[in-house]
Each structure stands twice: as structure tokens, then as C-alpha cells.
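Take numbering that gives the first Met the number 0: the last position of the sequence shown gets the number 455, and nothing is skipped along the way.
Virtual Cβ for every residue (Gly too), placed ideally from N, Cα, C.
In this text, all values refer to a predicted model and were calculated from it rather than measured experimentally.
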Amino acid sequence: MAASSVDVRAASSLSAQWEHRGLAIAWPGLGITAPALAGVFAILLVLARTPGLSDLFPTVDFFRTALVVQVDQSVLIWFLAFAGLLGTLCCGAIPALSWPAFTLAAAGCLLVGAAPFLGAADPLLNNYVPCSQQPPFLSGLLIFGIGILAQMLAVLARAPGRLSWAAPLGVGAATATAAVLIAALALAWTWHGLSPRWQGKAYYEYLFWAPGHALQFVYTQVMLVAWLWIAASVGRPVPLSGRSVSPLLVLGVLPLCLVPVILGLYAPDSAQARVGFTRLMQFGNGLAAIPLGLLVAWTLTRGRGLRVSPNQQPAYRALVASLVLFAVGGVLAGLITGVNTIIPAHYHGSIVGITLALMGLTYLLLPRLGFGEPAGRVARWQPIVYGAGQLLHISGLAVSGAMGAARKTAGAAQGLRGIWENTAMGVMGLGGLLAVVGGILFVVVVLEAFASRADG
Numbered sequence: 000m001a002a003s004s005v006d007v008r009a010a011s012s013l014s015a016q017w018e019h020r021g022l023a024i025a026w027p028g029l030g031i032t033a034p035a036l037a038g039v040f041a042i043l044l045v046l047a048r049t050p051g052l053s054d055l056f057p058t059v060d061f062f063r064t065a066l067v068v069q070v071d072q073s074v075l076i077w078f079l080a081f082a083g084l085l086g087t088l089c090c091g092a093i094p095a096l097s098w099p100a101f102t103l104a105a106a107g108c109l110l111v112g113a114a115p116f117l118g119a120a121d122p123l124l125n126n127y128v129p130c131s132q133q134p135p136f137l138s139g140l141l142i143f144g145i146g147i148l149a150q151m152l153a154v155l156a157r158a159p160g161r162l163s164w165a166a167p168l169g170v171g172a173a174t175a176t177a178a179v180l181i182a183a184l185a186l187a188w189t190w191h192g193l194s195p196r197w198q199g200k201a202y203y204e205y206l207f208w209a210p211g212h213a214l215q216f217v218y219t220q221v222m223l224v225a226w227l228w229i230a231a232s233v234g235r236p237v238p239l240s241g242r243s244v245s246p247l248l249v250l251g252v253l254p255l256c257l258v259p260v261i262l263g264l265y266a267p268d269s270a271q272a273r274v275g276f277t278r279l280m281q282f283g284n285g286l287a288a289i290p291l292g293l294l295v296a297w298t299l300t301r302g303r304g305l306r307v308s309p310n311q312q313p314a315y316r317a318l319v320a321s322l323v324l325f326a327v328g329g330v331l332a333g334l335i336t337g338v339n340t341i342i343p344a345h346y347h348g349s350i351v352g353i354t355l356a357l358m359g360l361t362y363l364l365l366p367r368l369g370f371g372e373p374a375g376r377v378a379r380w381q382p383i384v385y386g387a388g389q390l391l392h393i394s395g396l397a398v399s400g401a402m403g404a405a406r407k408t409a410g411a412a413q414g415l416r417g418i419w420e421n422t423a424m425g426v427m428g429l430g431g432l433l434a435v436v437g438g439i440l441f442v443v444v445v446l447e448a449f450a451s452r453a454d455g
């Protein structure tokens, strides 16, 4: 028997042993709130970049504000909230600390979403954690960060007695949790050492450069846990024992040991530090993702003759779409030359690959946590609609970038000069809108599962 399948049963049983069962509702609820809020801004964001529709908006300010909130909700908040859930499921958590952590994280999430309507302006499109300099937004971000940090500590306090090399999902969740703490250390270190002469976008670019790169390891680690969990649950476990998979997952975060080395050797605003963290992510973040991704893909192709039950199809299709999008994002990374829309094409491919993995795992976890079964036509088609839309979206961005379309612009500022450039960005807009529909369908399916529990 594959160790991964044993690990799935062990991790799932932990949810029934929580000291406060309400946490089984709280963290998934936060997990769905973030992408739901992101979806609202994603609709406006795609419309602001689509030829023929962008003139309906105050292009520059509106596009940038929507982009800031959408990125932070759909990536930072959504992924870290899911990391908090996985840590609790697989490792346990101290309820007396996890409840206040959830309260802070939820309050921060809502405040970030409300910030544009509370006077938040002056959006800054710095990398990794784009910001608005207004107090409501920064306060929301800080409150959320404190909540997540408290949740990680609540998980790690319980993890040592519950971890086993034979249970790779727990190892993956614990290492992702530890990686969050390393990212927090990098943030504090950078903040303390950053020169006060920097202002505006430059300040936040340097502030989040080191922790932003560390967070990419967290996101990838969470995705790998989702891949392994889904594959085992649909009857396609990787052909390795848990004691072989667990070291690979540890290897996935091992490069983060270099974070304090880089920060200790170089100033956070130095060229050496920027290059160092770029190389760290470039050469270190695939150490576990590449071999495990290939193993999972191989098990899926090897088991093509095996039937997947209707209730497992949403998770199975999300897994397939996740592997495809993450691979495409990786290929596009090698095609980046200059500052153009190939960069967001790569970024969206990788991030959407992670998002689809978490969507699929959400479908599996809901009934295990006492909610309704995500089933039916909408649940089965949702990963296809979302994945296909995002594939069109990044294809349009990639082709536009190859023709010189500038990154982080909208409307006339994009410099679209001919029919092919406009066509490519039109494909981007169509794919983006299709992906938004897929995102809305995900929220609908999850809300129906929540309602089924309430009815029951």
C-alpha cells in the first residue's frame, strides 16, 4: 500500500479530534472569503485591460488599485489561510491560540478588501505583496500577518509529537508552516536593516523582496501537499513510500536556510541581495516540485484505464489542470526577456497551478470536515472552465509580451499598435473573464457545500 494513502486517512482523522470543532468551519470559511473577494476585483481588473472596455474606467488608478487588492487576496491571503488549515489538519494546533489567530486573520482579510472603499489610494505595484500606502490597507495587512503568524506558532507547538517520516502530508504541512516563520524573519530583518531614505514603491519593493521570495517556497510546498493528497484520494498515489516522499518535501524548503546567510552578508537594498534571492528561488524552488510533479503526472497517465468516481472528478480534474498550468508557467519563465507581459504570464501560470491544486483539495476536504459533497455538473466543470480560461489568459499575455506589450499597464498605456497585439490582448481578456466565471463557480460550489451542512 502506498504510504500517501495511509497518510490521507491519518490526516483526515485529525479533523474529528479537534478540541473545538468550530475551527473546522472557521479556517475553510476564511479560505473561501479571500478568493471570493479577489474574484470581485478580478472582474474589474480584466475589464480594465480589455480593448474596447478599458475606456469605461479611470484606467491607471482604478487598474492599479484593483490589481493590488486582487493579488493580495488571491495569493497572499488565500494561500496562507490554506496553509493554516492544512497545518491544523495534518499536525494539529493549540485551540486557545488558533481561535485568536483566526479572528485576527479574518479581520485583516476583510479590512484589506474594504480598504479601497475607506480611502485607500496611491497603489504601489511592487513585487510579491503590492501595497497601498493608506492606513486602512496597511493596517489590514499587518493584522492578517499577525494572525497567520500566531496560527503557524499554534501548529508548530503541536507538530513535533504528531509527525512521522511515514506520513509525508504532515511533513509537508509542517515544513510549509516553518517556511512561513522564515518569511516572517526575513521581513523583520529587512525592515530593521532597510535604509530610511527609501520612499514609496522603492521602499516596499525592498521590504518584501526577501520575504516574498521565501513565501514562494511556502506556496509551492502547500501545492505539493495538495497534489499528493488528491492523487492518493482518487486512487493514483505516487509509487514511493512515505519515507521516500518526506525527504523530498524537506528538500523543498531546505534552500531557505540560505535566507539568513544572504541577509547577513548583504544589505536588503543591495544588488547582491536582489540577485541572491532571485537565484535562490530560481534554482531552489523546484527541487521538490519537479520530481514530485513528474511522479504525480506519471501516475495519472499510468492509471488512465482506472475509473474516477463522479464525486472524485472535481478534485481529479483540478489536479490535472494544476499540473498543466504550473508546467506552462515554468516553461514561460525560461522565455522571459525584458520587462513585458511574459512576466505576468509566467507568474499567473505558476500561481494558478497552485490555486487549482487548492481548489481540488478543498473539494476533497469539505465532506471530511462535515460539509456537503461537492458534486454535480457545476463542480465537475468548474476546474475545466477555470483552467481553460487561465490558459487563454496567460497565452494572450505571453504573445502580447513577445510583441512588446508593457507589464503592469492598462488601456492606452499598454502600447498596443496593431491588430495582432490587440487580438492577443483580446484573447487575454476573454480568457480572464472565463477564468473569473470559473472562480465564481468555485465559490458557488463551496457555498452550496456549506449550506448542505447547515441543512443537515
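By the beta-carbon neighbour count (other beta carbons within 10 angstroms, threshold 16), THR300 is exposed. Taken in chain order, the unbroken stretches of alpha helix (DSSP H) that lie wholly in the stretch 319–372 and span 4 residues or more are 341–367.
Within its own chain, the residues whose Cβ lies closer than 7 Å to the Cβ of VAL384, once the five positions on either side in sequence are excluded, are LEU433, VAL436, GLY437 and LEU440, listed in chain order. When the alpha-carbon of TYR127 is set against those of PRO290, PRO382 and GLN215, the nearest one is in GLN215.
Beta-bridge partners assigned by DSSP to PRO122: SER131. The C-alpha of LEU88 lies about 9 Å from the C-alpha of VAL154. In this structure GLY251 is in contact with GLN220, their Cβ atoms being roughly 6 Å apart against a cut-off of 8 Å.
In this structure THR277 is exposed. Its beta-carbon is surrounded by fewer than 16 other beta-carbon atoms within 10 angstroms.
For ILE289, the secondary structure class from DSSP, reduced to helix, strand or coil, is helix. Between PRO238 and the set TYR202, VAL295 and LEU186, the nearest pair of CA atoms involves VAL295. DSSP, reduced to helix, strand and coil, places ASP71 within a helical segment of the structure shown.
Annotated three-state conformation of SER394 is helix, per DSSP. Contact between the stretch 348–356 and the stretch 70–89 is present, with at least three C-beta pairs closer than 8 Å. The way I'd put it, the stretch 224–241 doesn't touch the stretch 142–150; fewer than three beta-carbon pairs between them come closer than 8 Å. For TRP226, the enclosing alpha helix (DSSP H) starts and ends at 199–232.
Put simply, of GLN389, GLY430, ALA105 and GLY371 the residue whose alpha carbon is nearest the alpha carbon of ALA450 is GLY371. The Cβ-Cβ distance between MET427 and GLY375 does not fall below 8 Å. The beta carbon of GLY283 is closer than 6 Å to those of PRO254 in its chain, skipping five residues each way along the sequence. Between ASP121 and TYR205, the C-beta gap is not smaller than 8 Å, which leaves the two residues out of contact. GLY333 and PHE81 have their alpha carbons spaced roughly 29 Å apart. With the rule of 3 Cβ pairs closer than 8 Å, the stretch 94–108 counts as touching the stretch 137–145.
In terms of CA proximity to ARG306, ARG235 leads the group GLY328, TRP77 and ARG235. The Cβ neighbour count for LEU446, taken over all protein chains shown within 10 Å, is under 16; the residue is labelled exposed. Sequence-distant partners of TRP197 (beyond 5 residues in either direction) whose C-beta falls short of 8 Å from its own C-beta, in its chain, are TYR205 and ASP268. Here VAL39 carries a helix assignment [DSSP, helix/strand/coil].
In the DSSP assignment, PRO236 falls outside any alpha helix (DSSP H) and carries neither an H nor an E.
Within its own chain, the residues whose Cβ lies closer than 8 Å to the Cβ of THR298, once the five positions on either side in sequence are excluded, are ALA230, ARG235, PRO236, VAL237 and PRO238, listed in chain order.
Annotation: the continuous alpha helix (DSSP H) that includes GLN271 extends over 270–283.
If you look at SER97, you'll find it in the alpha helix (DSSP H) that goes 94–113. GLY171 and VAL249 have their C-alpha atoms some 7 Å from each other. Cβ-Cβ separation between GLY199 and ALA266: approximately 19 Å, too far for a contact (criterion under 8 Å).
Around the beta-carbon of GLN271, fewer than 16 other beta-carbon atoms lie within 10 Å, marking it exposed.
Boundaries of the alpha helix (DSSP H) around ALA172: 167–192. When secondary structure is reduced to three states using DSSP, GLY438 falls in the helix class.
Between the alpha carbons of LEU247 and SER240 lies a gap of roughly 11 Å. Here PRO195 carries a coil assignment [DSSP, helix/strand/coil].
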